[in-house]
Amino acid sequence: MTQYIIIRGPLGIGKSTIAHKLASAINGYVVCVDSILAEQGLDQVPEGAECIPAESFLKVNELVINDVREKLEGGTSVIFDGNFYHKDVLDNLVGMLEKKGYSGKVFTLKAPVELCIERDSGRKKPHGKWAAIAVHNLVNRFDYGVSVDVVGKSAEDIVKEIKNHLN
Numbered sequence: 002m003t004q005y006i007i008i009r010g011p012l013g014i015g016k017s018t019i020a021h022k023l024a025s026a027i028n029g030y031v032v033c034v035d036s037i038l039a040e041q042g043l044d045q046v047p048e049g050a051e052c053i054p055a056e057s058f059l060k061v062n063e064l065v066i067n068d069v070r071e072k073l074e075g076g077t078s079v080i081f082d083g084n085f086y087h088k089d090v091l092d093n094l095v096g097m098l099e100k101k102g103y104s105g106k107v108f109t110l111k112a113p114v115e116l117c118i119e120r121d122s123g124r125k126k127p128h129g130k131w132a133a134i135a136v137h138n139l140v141n142r143f144d145y146g147v148s149v150d151v152v153g154k155s156a157e158d159i160v161k162e163i164k165n166h167l168n
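With our numbering applied, the sequence shown covers 2 to 168.
Printed below as a string of structure tokens:
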């Protein structure tokens, strides 16, 4: 069944890895929100703000929606990979998709901040401890969709768990 799938969670939790493995498993298409923010110059945190403003993410939603609709109408499931730490941005995206008749699910990946810091530190270009802590706190301000605890699980196990929740 063609659907949208949103993988959200803190920095370093493995969203991109899971999104790409899931895409391979279901022949899906990945929309990497962070990459689009960077490409469009929308990834800046204004002075005095705690994070990238919701308006930047809402612009990304508008930028990708036509391509996403095309993929879904063509029979390809779409997987969104992002922090989604603004609830109104998530509500906006889900609303746009469901208004057009598409169904899907949101998955929130969960892990202790220490694990996210450890994983981030292993990247070629780590974001750093304080960024990991900040994003972890932002993402965990609210729950949305299905919570998936990633502690002690392989990427393959997490993909299998997510697939079990899909229609």
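Ideal Cβ positions, reconstructed from N, Cα and C, are used throughout, including at glycine.
- Just confirm the distance between the C-beta atoms of residue 122 and residue 4, as a whole number of angstroms; I'd bet it's less than 8 angstroms. Residue 122 to residue 4, Cβ: 34 angstroms. No contact.
- Please classify residue 1: does DSSP put it in a helix, a strand, or coil? Residue 1 lies beyond the stretch modelled for the chain, which goes from 2 to 168, so this question has no answer here.
- Task: Using beta-carbon positions only, say whether residue 93 and residue 43 come within less than 7 angstroms of one another.
- Result: Cβ distance not < 7 angstroms, so residue 93 and residue 43 don't count as in contact.
- Message: Let's see if you can read the secondary structure: which residues bound the alpha helix (DSSP H) around residue 19?
- Response: In the DSSP annotation of this structure, the continuous segment of the alpha helix (DSSP H) that includes residue 19 starts and ends at 16-27.
- Message: Can you give me the C-alpha to C-alpha distance between residue 148 and residue 49, rounded to a whole angstrom?
- Response: 31 angstroms
- Cβ shell of residue 97 (< 7 angstroms), same chain only, five flanking positions each side left out: 62 and 66
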